[in-house]
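Before any comments, here is the structure.
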Amino acid sequence: MGLEGPKSNAVMEHSVVHIMLSFKRLCIITIACPVVAILVCLMTAVTFQADDVHETHCRVYNIIPSISAITGVSPQRYLWRISVALHIGPRFIIAAVYKAYHEKTINPTADLNVQNAARKWLNITFWLDIIEIASLCGVTYISNLENYPIHEKLFITFMISSLTHMLASIVATKKVADTSNKYENFKKTITIKSIIFIISIISTVGLVGFFLEHRYLCHDMAFSWFAFCEYVVASANMAFHITVIFDFPTEYLVVAKGLKDKHN
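In terms of UniProt numbering, the sequence shown opens at residue 1 and continues consecutively.
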């Protein structure tokens, strides 16, 4: 094998890396922020503000407060808002990287229609993720105690965008796998995402059912079952988003001085 000569006369400087952070670690830290915050809010609110977080318009017996209740009282609301503020920024980066990563995974020699379908679903997944992040921000900073009608609409938007994002992500991953005919490489991620999606759908059905039972029939414990389903939905949502670590096991987020042509 012969030596290859220089392709141009340009002399390039070596890049200088300022910060290099494991993308997998960034994803874990991003998800850990709301997880830790919810646990702290739940334990402290139930211990010190039980009357406030259990109060509902029906005034019936309940034992599990909703997420909105434990994050709507003070000082828990400040912890929750700080955690979401720390969570949301990286979420936008992760959404963009997820889309770019899978677009580069698409096999350029595959059938053009299959490639276009994969890109279309990646775009749908990206924008649904953006809507989900934005609605999460709205639900967090407009509490049910401050403005219930807007909070309720934002919560519904979050739920719909979350579920449709999950479905779109699963479909997009399958479409990307179809371009390479290497389904086995994506099998683990697709299986885990599908299980979480099913759990989310079942929990959402329960959430809606128990909410209606509480709202219109005021049965004892109906709101507690609603709250339980809400925690399962939130846990499934966070579990779904943490599956991105399977896609980025060795990637890094880098801030660096780029390669520069000395002749320019």
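Glycine residues also receive a C-beta, built at the ideal position from the N, C-alpha and C atoms.
All figures in this text were calculated on a predicted structure; none of them were measured in a lab.
Under the three-state DSSP convention, the category residue i falls into
i: S68; result: helix
i: L122; result: helix
i: Y61; result: coil
i: V254; result: strand
i: I142; result: coil
i: M221; result: coil
i: F92; result: helix
i: D129; result: helix
i: S74; result: coil
i: S83; result: helix
i: S135; result: helix
i: D247; result: coil
i: F226; result: helix
i: P235; result: Correcting the residue identity first, residue 235 is Ser in this sequence and not Pro. It is helical.
Candidates the options, of which the one nearest residue i by Cα
i: F126; options: A100, L21 and R215; result: A100
i: I160; options: K174, Y148 and I201; result: I201
i: I38; options: S22, Q115, R81 and N113; result: R81
i: V208; options: T189, E230 and T191; result: E230
i: I196; options: I70, L145 and V232; result: V232
i: P75; options: V60, Q49 and G89; result: Q49
i: V40; options: T71, E251, A234 and L212; result: T71
i: I59; options: F246, D247, S224 and H241; result: The question names Ile, but residue 59 is Arg in the sequence shown. When each option's Cα is compared against that of R59, the closest is S224.
i: A32; options: G138, L86 and D220; result: L86
i: A227; options: I94, S162, T157 and T56; result: T56
i: I64; options: R77, H18, K187 and T47; result: T47
i: Y78; options: I106, S194 and A45; result: A45
Residue i, enclosing alpha helix (DSSP H) - first and last residue
i: I29; result: F23 to F48
i: N107; result: Segment: none, N107 is in no alpha helix (DSSP H) and carries neither H nor E.
i: M178; result: Note on residue identity: the sequence assigns Asp, not Met, to residue 178. Looking at the DSSP string, the run of the alpha helix (DSSP H) that includes D178 is Y148 to S180.
i: F186; result: Y183 to L212
Between the CA atoms of residue j and residue i - distance to the nearest angstrom
i: N62; j: P108; result: 57 Å
i: F92; j: D129; result: 8 Å
i: S180; j: N113; result: 13 Å
i: V11; j: A256; result: For V11, the predicted structure reports a pLDDT of 39, less than 50, and the residue's modelled location is therefore unreliable. A value from the coordinates is still provided. Between V11 and A256, the C-alpha separation is close to 18 Å.
i: N123; j: A177; result: 16 Å
i: residue 305; j: S169; result: Absent from the structure is residue 305, since the part of the chain shown begins at 1 and ends at 264.
i: E132; j: L217; result: 31 Å
i: T204; j: F246; result: 26 Å
i: F23; j: N116; result: 27 Å
i: D51; j: L136; result: 26 Å
i: V35; j: V16; result: 35 Å
i: P90; j: M238; result: 14 Å
i: I29; j: S83; result: 11 Å
i: I190; j: F248; result: 15 Å
Cross-strand partners of residue i (DSSP beta bridge)
i: M20; result: V254
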